[in-house]
Amino acid sequence: MDALRKAKPRNFASINSWWVVLSQVVITLVIAGVCYVFSSLADKSVYTYSALVGGLIGFLPSALFLMRIEAAKKSVKSSPGGFLAAVVSGEFIKILATIVLFIGFALKQPDLKWIPLLVTYLATLKCYLLAWFWK
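For the sequence shown, position 36 (counting from the first letter as 1) is numbered 39 according to the working numbering, and the numbering increases by one without interruption.
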(Lines of atoms letter the chains of each structure in order from A and count residues from 1; the text may use other names and numbers.)
(Lines give C-alpha, C1' and ligand atoms only; values in the text may rest on other atoms or scores of the structure.)
Protein backbone atom coordinates (compact mmCIF):
# COMPACT_ATOMS: atom_id res chain seq x y z
CA MET A 1 0.00 0.00 0.00
CA ASP A 2 2.86 2.37 0.80
CA ALA A 3 4.43 1.71 -2.60
CA LEU A 4 1.12 2.46 -4.29
CA ARG A 5 0.79 5.71 -2.32
CA LYS A 6 4.29 6.75 -3.37
CA ALA A 7 3.64 5.87 -7.01
CA LYS A 8 0.36 7.80 -7.25
CA PRO A 9 0.15 10.28 -4.36
CA ARG A 10 -2.60 12.31 -6.05
CA ASN A 11 -4.98 9.33 -5.92
CA PHE A 12 -4.53 9.05 -2.16
CA ALA A 13 -4.65 12.71 -1.24
CA SER A 14 -7.34 13.50 1.27
CA ILE A 15 -9.62 16.48 1.04
CA ASN A 16 -10.56 18.57 4.03
CA SER A 17 -14.17 17.68 4.80
CA TRP A 18 -14.97 21.24 5.80
CA TRP A 19 -14.44 22.21 2.16
CA VAL A 20 -17.40 19.98 1.30
CA VAL A 21 -19.57 21.81 3.83
CA LEU A 22 -18.33 25.14 2.48
CA SER A 23 -19.21 24.02 -1.05
CA GLN A 24 -22.68 23.09 0.23
CA VAL A 25 -23.10 26.59 1.63
CA VAL A 26 -21.87 28.14 -1.63
CA ILE A 27 -24.22 26.03 -3.79
CA THR A 28 -27.07 26.98 -1.44
CA LEU A 29 -26.34 30.67 -1.92
CA VAL A 30 -26.00 30.26 -5.69
CA ILE A 31 -29.35 28.47 -6.02
CA ALA A 32 -31.02 30.98 -3.70
CA GLY A 33 -29.62 33.76 -5.88
CA VAL A 34 -30.97 32.10 -8.99
CA CYS A 35 -34.37 31.75 -7.33
CA TYR A 36 -34.25 35.42 -6.38
CA VAL A 37 -33.38 36.55 -9.89
CA PHE A 38 -35.76 34.33 -11.85
CA SER A 39 -38.86 34.26 -9.64
CA SER A 40 -41.72 36.67 -10.04
CA LEU A 41 -41.85 39.76 -7.90
CA ALA A 42 -44.69 38.43 -5.74
CA ASP A 43 -42.98 35.08 -5.03
CA LYS A 44 -39.38 36.30 -4.89
CA SER A 45 -38.93 36.07 -1.13
CA VAL A 46 -40.78 32.75 -0.76
CA TYR A 47 -38.72 30.98 -3.43
CA THR A 48 -35.46 32.41 -2.13
CA TYR A 49 -36.32 31.50 1.46
CA SER A 50 -37.34 27.99 0.41
CA ALA A 51 -34.02 27.48 -1.37
CA LEU A 52 -32.12 28.73 1.67
CA VAL A 53 -34.08 26.34 3.92
CA GLY A 54 -33.32 23.42 1.59
CA GLY A 55 -29.63 24.26 1.72
CA LEU A 56 -29.72 24.58 5.49
CA ILE A 57 -31.29 21.14 5.75
CA GLY A 58 -28.45 19.89 3.56
CA PHE A 59 -25.38 21.44 5.17
CA LEU A 60 -26.30 21.76 8.86
CA PRO A 61 -26.47 17.98 9.50
CA SER A 62 -23.20 17.58 7.57
CA ALA A 63 -21.55 20.14 9.82
CA LEU A 64 -22.90 18.35 12.92
CA PHE A 65 -21.48 15.07 11.61
CA LEU A 66 -18.08 16.64 11.03
CA MET A 67 -18.04 18.19 14.49
CA ARG A 68 -18.72 14.73 15.95
CA ILE A 69 -15.86 13.23 13.93
CA GLU A 70 -13.49 16.06 14.88
CA ALA A 71 -14.36 15.52 18.55
CA ALA A 72 -13.56 11.82 18.20
CA LYS A 73 -10.22 12.59 16.55
CA LYS A 74 -9.23 14.84 19.44
CA SER A 75 -10.33 12.35 22.06
CA VAL A 76 -7.64 11.02 24.38
CA LYS A 77 -9.10 7.51 24.21
CA SER A 78 -8.74 7.27 20.45
CA SER A 79 -9.16 3.70 19.26
CA PRO A 80 -10.56 2.13 16.11
CA GLY A 81 -13.67 1.00 17.97
CA GLY A 82 -14.16 4.45 19.47
CA PHE A 83 -13.77 6.09 16.09
CA LEU A 84 -16.26 3.67 14.55
CA ALA A 85 -18.71 4.49 17.33
CA ALA A 86 -18.20 8.18 16.58
CA VAL A 87 -18.92 7.63 12.88
CA VAL A 88 -22.08 5.65 13.65
CA SER A 89 -23.32 8.14 16.25
CA GLY A 90 -22.43 11.04 13.95
CA GLU A 91 -24.41 9.49 11.13
CA PHE A 92 -27.34 8.95 13.50
CA ILE A 93 -27.16 12.62 14.51
CA LYS A 94 -27.06 13.60 10.84
CA ILE A 95 -30.12 11.53 9.93
CA LEU A 96 -32.06 12.66 12.99
CA ALA A 97 -31.22 16.32 12.38
CA THR A 98 -32.32 16.03 8.75
CA ILE A 99 -35.66 14.48 9.70
CA VAL A 100 -36.27 17.02 12.47
CA LEU A 101 -35.42 19.94 10.17
CA PHE A 102 -37.71 18.69 7.40
CA ILE A 103 -40.62 18.10 9.77
CA GLY A 104 -39.99 21.31 11.71
CA PHE A 105 -39.90 23.54 8.64
CA ALA A 106 -42.89 21.77 7.10
CA LEU A 107 -44.97 22.39 10.22
CA LYS A 108 -43.74 25.88 11.10
CA GLN A 109 -43.50 27.30 7.57
CA PRO A 110 -46.46 25.95 5.58
CA ASP A 111 -45.94 28.50 2.79
CA LEU A 112 -42.60 27.00 1.71
CA LYS A 113 -42.24 26.09 -1.94
CA TRP A 114 -41.10 22.49 -2.05
CA ILE A 115 -39.52 22.49 -5.51
CA PRO A 116 -36.72 25.01 -4.71
CA LEU A 117 -36.32 23.48 -1.25
CA LEU A 118 -35.81 19.95 -2.58
CA VAL A 119 -33.67 21.07 -5.53
CA THR A 120 -31.32 22.90 -3.20
CA TYR A 121 -31.30 20.02 -0.72
CA LEU A 122 -30.41 17.53 -3.45
CA ALA A 123 -27.76 19.87 -4.85
CA THR A 124 -26.08 20.03 -1.44
CA LEU A 125 -26.07 16.25 -1.32
CA LYS A 126 -24.31 16.14 -4.69
CA CYS A 127 -21.39 18.09 -3.21
CA TYR A 128 -20.12 14.81 -1.76
CA LEU A 129 -19.87 13.40 -5.26
CA LEU A 130 -18.18 16.55 -6.53
CA ALA A 131 -15.55 16.22 -3.79
CA TRP A 132 -14.32 13.02 -5.44
CA PHE A 133 -13.90 14.82 -8.74
CA TRP A 134 -12.07 17.73 -7.13
CA LYS A 135 -9.57 15.31 -5.70
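Virtual Cβ for every residue (Gly too), placed ideally from N, Cα, C. Since this is a predicted model, take the numbers as computed values, not measurements.
Asked: Within the same chain, show all residues whose beta-carbon is closer than 6 Å to that of ALA75, passing over the 5 residues directly before and after it, in chain order.; Found: PHE86, ALA89
Asked: Just reading off the alpha helix (DSSP H) that LYS47 is part of, what are its end residues?; Found: 47-76
Asked: Check whether the Cβ atoms of VAL24 and ALA66 sit closer than 7 Å, and answer yes or no.; Found: yes
Asked: Do the CB positions of ILE34 and ALA126 come within less than 7 Å of each other?; Found: yes
Asked: Shortest alpha-carbon distance to LEU69 belongs to which of VAL91, LEU115, SER82, GLY58?; Found: VAL91
Asked: Rounded to whole angstroms, what's the CA-CA distance from GLU94 to ARG71? Just pull it up for me.; Found: 9 Å
Asked: Mind reading off the beta-carbon distance from GLY58 to THR31? Whole number of angstroms is fine, and I expect it under 8 Å.; Found: 3 Å
Asked: Between the C-alpha atoms of GLY36 and ASP114, what's the straight-line distance to the nearest angstrom?; Found: 19 Å
Asked: Comparing C-alpha positions only, which one of VAL28, LYS11, ALA45, TYR39 sits nearest to LEU131?; Found: The amino acid at residue 131 is misidentified as Leu; the sequence shows Tyr. Looking at the Cα atoms, VAL28 is the closest of the given residues.
Asked: Within 10 angstroms of its Cβ, does PHE41 collect 16 or more other Cβ (buried), or is it exposed?; Found: exposed
Asked: With a 10 Å radius around its C-beta and 16 neighbouring C-beta atoms as the bar for buried, classify LYS116 as buried or exposed.; Found: buried
Asked: Given that a residue counts as buried once 16 or more other Cβ atoms are within 10 Å of its Cβ, and exposed if not, what is VAL56?; Found: buried
Asked: Count the other CB atoms within 10 Å of the CB of PRO119; is the residue buried (16 or more) or exposed (fewer)?; Found: buried
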